[in-house]
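Novice:
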Amino acid sequence: MMKRRYFYKFMPINDYTFENLSNNQIWFSSPMDFNDPFDFFIPYNLDFNKEEFEKIIPKPPGISESMYDQMFLAAKNNPTKLEKWIEIGLERFKASIKIACFCEKKNNILMWSHYADSHKGICLKFDSNFDYNFFHEDNWKFHKMPIREVKYPPKPEKAYYFKDNDNFFRACAFTKYYKWKYEKEHRIISAVDVIKYNKECLVEINFGCKCDKNNKKKIIEIINANKYPNINFKQARKSKIDFALEFDDITEMIQC
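Taking this note's numbering, I'd label the letters of the sequence shown as residues 3 to 258.
1. Report the CB separation of residue 22 from residue 28 in whole angstroms; it is logged as a contact under 8 Å.
2. Can you give the beta carbon distance from residue 130 to residue 9, rounded, assuming they're within the 8 Å contact cut?
3. Report yes if the C-beta distance between residue 238 and residue 248 is below 9 Å; otherwise report no.
4. Ignore the nearest five residues each way along the sequence and tell me which others in residue 150's own chain have a CB closer than 7 Å to its CB.
5. Keeping to the same chain, check which residues put their C-beta closer than 6 Å to that of residue 86; ignore five residues upstream and five downstream.
6. What's the C-alpha gap between residue 77 and residue 33?
7. Confirm, please, whether the CB-CB distance from residue 11 to residue 104 is below 9 Å.
8. Which whole runs of the alpha helix (DSSP H) in the region 173 to 213 are 4 residues long or more, in chain order?
9. On the three-state DSSP scale, how would you describe residue 70?
10. Please name the residue in 241, 170, 50 and 73 whose C-alpha comes closest to that of residue 109.
11. Have a look at residue 157 and residue 180 and give me their C-alpha separation to the nearest angstrom.
12. Keeping to the same chain, check which residues put their C-beta closer than 6 Å to that of residue 122; ignore five residues upstream and five downstream.
13. In this structure, does DSSP put residue 219 in helix, strand or coil?
14. Would you kindly work out how many angstroms separate the C-alpha atoms of residue 164 and residue 153, rounded to a whole number?
15. With C-beta atoms as the reference, is residue 207 less than 9 Å away from residue 235?
16. Using a Cβ-Cβ cut-off of 8 Å (strictly less than) and excluding sequence neighbours within five positions of residue 133, which residues of its own chain qualify?
17. How would you write the range of the beta strand (DSSP E) that residue 234 sits in, first residue to last?
18. Since residue 95 is in the alpha helix (DSSP H), which residue starts that stretch and which ends it?
19. From the DSSP secondary-structure annotation, give me the bridge partner or partners of residue 151.
20. Taking Cβ to Cβ, would you say residue 99 is nearer than 9 Å to residue 193?
21. Taking just the CA atoms, how far does residue 169 sit from residue 113?
22. Go to residue 251, then tell me how far its alpha helix (DSSP H) extends in each direction, as first and last residue.
23. When you compare each of 111, 96, 148 and 51 to residue 171 by their alpha carbons, which one comes out closest?
24. Could you name the residues of the same chain whose beta carbon sits closer than 7 Å to that of residue 251, not counting the 5 residues immediately before and after it, in chain order?
25. Using CA atoms only, rank isn't needed, just tell me which of 46, 40 and 73 is closest to residue 56.
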């Protein structure tokens, strides 16, 4: 039996939030808009042989073998030009994909501050076992990758562009500067902006400690109107003895 895993998603409350909850969908963002300029940065190793070169840059129709050999040698002997070509390819890759970000814990104060409108937003809890296709289906070659953990190395490790092209792009998408480690981020990559999930996998909505009561009321109404079957509601509050958040279960209070 697959181990049960929970993933959390922080967000502000706005019209997009209401729309996404009404349609049991998640909005995927463009990495071109991410706040970290080192996101998707990874140094590349340009060592390659003729066979590896052919996998990435096949011989064009009508080009003789000798001319293709010249192309190979030109690439081998001109790393600066090759680096520019790879950078253009990476920018195109970033522009062609969308990313949904999740994390492992709901009690991270910084995550509430940065991604949930300074504690005025919400944090959704997903049970990945209720929607295997959304969280795990591996269609990397086509439209979607399964959820994967982001790595936070102290120094970026070089990736071999020609030896393992797929792994190079994976490494770019799932590597961040180690100072972001507190996020404990997991990502899903998609080629589309919006993907629906099974309503059963959304199991909890946590309201920030500064969440507006009218926004809270509207979200509860949306959840009830759309018949989410497994939802619990929790309210965050500041601990009285520590720099921490505590969560009160308000599900029964709402249902009464």
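Backbone N, C-alpha and C fix where the C-beta goes; we use that ideal spot for every residue, glycine too. Quantities reported herein were computed from a predicted structural model and do not represent experimental measurements.
Specialist: So, from the listed chains and residues:
1. One-based indexing of the sequence shown puts residue 22 at position 20. One-based indexing of the sequence shown puts residue 28 at position 26. Between residue 28 and residue 22 the Cβ distance is about 6 Å, and since that is below 8 Å, they are a contact.
2. Stepping through the sequence shown from its first residue, residue 130 is reached at position 128. Stepping through the sequence shown from its first residue, residue 9 is reached at position 7. Contact between residue 130 and residue 9 holds, since their C-beta atoms are separated by about 6 Å, short of 8 Å.
3. Along the sequence shown, one-based indexing puts residue 238 at 236. Along the sequence shown, one-based indexing puts residue 248 at 246. Cβ atoms of residue 238 and residue 248: closer than 9 Å.
4. Sequence index remark: in the sequence shown, residue 150 carries index 148 (1-based). Same-chain partners within the cutoff: 176, 188 and 189.
5. On the sequence shown, position 84 is the one that residue 86 refers to. Leaving aside the five residues that flank residue 86 on each side, none in its chain has a CB nearer than 6 Å to its CB.
6. Numbered from 1 along the sequence shown, position 75 holds the residue referred to as residue 77. Numbered from 1 along the sequence shown, position 31 holds the residue referred to as residue 33. Rounded to the nearest angstrom, the gap between the Cα atoms of residue 77 and residue 33 is 29 Å.
7. The residue you call residue 104 lines up with position 102 of the sequence shown. The residue you call residue 11 lines up with position 9 of the sequence shown. The answer is yes: Cβ separation under 9 Å.
8. Listed in chain order, there is nothing to give.
9. Taking the first residue of the sequence shown as position 1, residue 70 is located at position 68. Correct three-state label for residue 70: helix.
10. Here residue 109 refers to the residue found at position 107 of the sequence shown. Minimum Cα distance to residue 109 is reached at 241.
11. One-based indexing of the sequence shown puts residue 157 at position 155. One-based indexing of the sequence shown puts residue 180 at position 178. For residue 157 and residue 180, the gap between their C-alpha atoms comes out near 8 Å.
12. Start at 1 with the first residue of the sequence shown, and residue 122 comes out as number 120. Here the set comprises 210, 212 and 213.
13. Residue mapping note: residue 219 aligns to position 217 of the sequence shown, counting from 1. Residue 219 falls in the helix class under three-state DSSP.
14. Walking along the sequence shown from the start, residue 164 turns up at place 162. Walking along the sequence shown from the start, residue 153 turns up at place 151. Here the alpha carbons of residue 153 and residue 164 stand approximately 22 Å from one another.
15. Here residue 207 corresponds to residue number 205 of the sequence shown, with the count starting at 1. Here residue 235 corresponds to residue number 233 of the sequence shown, with the count starting at 1. Yes, the Cβ-Cβ distance between residue 207 and residue 235 is below 9 Å.
16. Working through the sequence shown from its first residue, we reach residue 133 at position 131. Non-local beta-carbon contacts of residue 133 in its own chain, meaning distances under 8 Å to residues more than five positions away in sequence, involve 199, 200, 202 and 203 in chain order.
17. On the sequence shown, residue 234 is found 232 positions in, with the first residue counted as 1. Counted as a single uninterrupted DSSP element, the beta strand (DSSP E) harbouring residue 234 occupies residues 234 to 240.
18. Counting from one through the sequence shown, the residue named residue 95 turns up at place 93. Segment 81 to 98, the alpha helix (DSSP H) holding residue 95.
19. Here residue 151 is taken as the residue at index 149 of the sequence shown, counted from 1. According to DSSP, which records beta bridges pairwise, residue 151 is partnered with 188.
20. Taking the first residue of the sequence shown as position 1, residue 99 is located at position 97. Taking the first residue of the sequence shown as position 1, residue 193 is located at position 191. Result yes, Cβ atoms of residue 99 and residue 193 sit closer than 9 Å.
21. Working through the sequence shown from its first residue, we reach residue 113 at position 111. Working through the sequence shown from its first residue, we reach residue 169 at position 167. So the two alpha carbons sit approximately 29 Å from each other.
22. One-based indexing of the sequence shown puts residue 251 at position 249. From DSSP, residue 251 is part of no alpha helix (DSSP H) but of the beta strand (DSSP E) over 247 to 251.
23. In the sequence shown, residue 171 corresponds to position 169, counting from 1. It is 96 whose Cα lies nearest to the Cα of residue 171.
24. Position 249 of the sequence shown, counting from 1, holds the residue named residue 251. 234 and 236.
25. Taking the first residue of the sequence shown as position 1, residue 56 is located at position 54. With distances taken between Cα atoms, residue 56 lies closest to 73.
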